[in-house]
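Numbering (our numbering), first residue to last: 167 to 563. Just so you know, even glycine gets a beta-carbon here, dropped at the ideal spot from N, CA and C. Since we're looking at a predicted model, the values are computed, not measured.
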Ligand SMILES: *Cc1c(COP(=O)(O)O)cnc(C)c1O
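See the structure below:
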């Protein structure tokens, strides 16, 4: 393999990757478990997990085997035919979500687009054309035009021409604000049971249950965006399960493919109002994606990763609580292995840098917030190592 230093790769990347995102001069080439290796051969402890994606860690044997076997059989046949893996995956996801009908796509945004279309079709059919969707400030739902409009970042609305119509935002966690926003024009509420990009903000069980009642009272569909929180990330199959709430539509992505792009939108039989032509896509119900996702779900079960997420998450929580008073960390929070804490000022980017110097990858979703979302496979010893490296990073910042 040609060797090239990290800065040169970064320079080449900046010439050809769109959008000029701010990235360090780090180019990743391989990974094993919770560890990533860059072009300089340096190993770093990955507590970003590809943004809450790499549920089984890097190089998971289950994923490698599923990819190999399925690739040798059939990579793609187009959504115009059935394929066994995508049928089995849909059955499995229907069981996990307590739903009957499942759409399989590639990205979280695509799954949310499906949810939005479904809710609006229901509104057109069953609620006199109601098409407004209530979502929450600080919520995140993706980067297509409609999901950007649904996202609760005011600075995104109108960035690319007129924002997609029919989205109204209310404060997260405020039931009376949601109640006040209800009306005959509203077809659905769309929200995350825990706001991930918003900084791991949990609205809590009473709010989520109250919202379920409110949606029933006003005859409005409840959509849980579990793209980030679902499939073990919060220590249960669904964060909605932790709150004892079943939505009408649920979306999944990120961890579902363990790093391979697979997403899902699931609903009850009577809400599957799509007619031929309404919903689809070239890469929907993809055989290779389905094989990988099935392997991920099987591994979550067989390796006891829901339990591991709970135990290791609690361990991370204890470490953060210990470090908090000594280093001015505020509000350690989260469930399972979706965790966050705040810094006294906007120092999150500096801490991410400092941690990288100590061989630990962290993510800063907000200027003063650090988010932790390591693979669900992280071990007790690796969490101890995380604590050690985080403390060094805090001391050096
Ligand atoms: C990441 C995310 C999305 C978007 O998923 P993509 O795969 O990036 O399209 C949507 N909703 C939530 C809650 C997310 O965290």
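- DSSP assignment within the stretch 204-267 yields the following whole beta strand (DSSP E) runs of 3 residues or more, N-terminal first: 209-212.
- Contact between residue 279 and residue 302 is absent: CB atoms are separated by about 18 Å, not below the 8 Å threshold.
- When DSSP states are grouped into helix, strand and coil, residue 383 belongs to the helix group.
- Residue ranges of uninterrupted beta strand (DSSP E) with 3 or more members, entirely inside the stretch 284-315 and ordered along the chain, are 298-302.
- Non-local beta-carbon contacts of residue 231 in its own chain, meaning distances under 8 Å to residues more than five positions away in sequence, involve 461 in chain order.
- Short of 7 Å from the beta carbon of residue 459, and not among the five residues preceding or following it, lie these beta carbons of its own chain, in chain order: 255, 422, 423 and 428.
- The shortest C-alpha to C-alpha distance from residue 226 to any of 438, 395 and 544 is the one to 544.
- From the listed residues 489, 182, 383 and 395, the smallest Cα separation to residue 472 is found for 395.
- Measuring C-alpha to C-alpha distances from residue 286 to each of 350, 342, 341 and 261 identifies 350 as the nearest.
- Relative to ligand 1, the nearest heavy atom lies less than 8 Å away from the CB of residue 395.
- Per DSSP, residue 501 is one residue of the beta strand (DSSP E) stretching across 496-501.
- Listed in chain order, the alpha helix (DSSP H) runs fully inside the stretch 448-474 are 453-468, counting runs of at least 4 residues.
- In the DSSP annotation of this structure, the continuous segment of the beta strand (DSSP E) that includes residue 336 starts and ends at 333-336.
- In this structure, residue 209 lies near residue 525, with their beta-carbon atoms less than 9 Å apart.
- In the three-state reduction of the DSSP assignment, residue 177 falls in the helix class, which pools H, G and I.
- Per DSSP, residue 187 is not a residue of any beta strand (DSSP E), being assigned neither H nor E.
- The criterion of a C-beta distance shorter than 9 Å is not satisfied by residue 305 and residue 365.
- Counting along the chain, residue 434 sits inside no alpha helix (DSSP H), nor does DSSP assign it H or E at all.
- Boundaries of the beta strand (DSSP E) harbouring residue 508: 504-508, taken from the DSSP string.
- Taking non-hydrogen atoms of ligand 1 into account, the C-beta of residue 461 is found less than 8 Å away from none of them.
- Within the chosen limit of 8 Å, ligand 1 reaches the beta carbon of residue 278 through at least one heavy atom.
- The alpha-carbon separation between residue 193 and residue 179 amounts to approximately 10 Å.
- Counting along the chain, the unbroken beta strand (DSSP E) around residue 197 starts and ends at 194-198.
- DSSP places residue 476 in the helix class (H, G or I) of the three-state scheme.
- By the criterion of at least three beta-carbon pairs nearer than 8 Å, the stretch 496-506 is in contact with the stretch 396-416.
- For residue 504, the closest C-alpha among the options 444, 415, 529 and 561 is that of 529.
- With a cut-off of 8 Å on Cβ pairs, the stretch 408-417 is in contact with the stretch 378-391, counting three or more such pairs.
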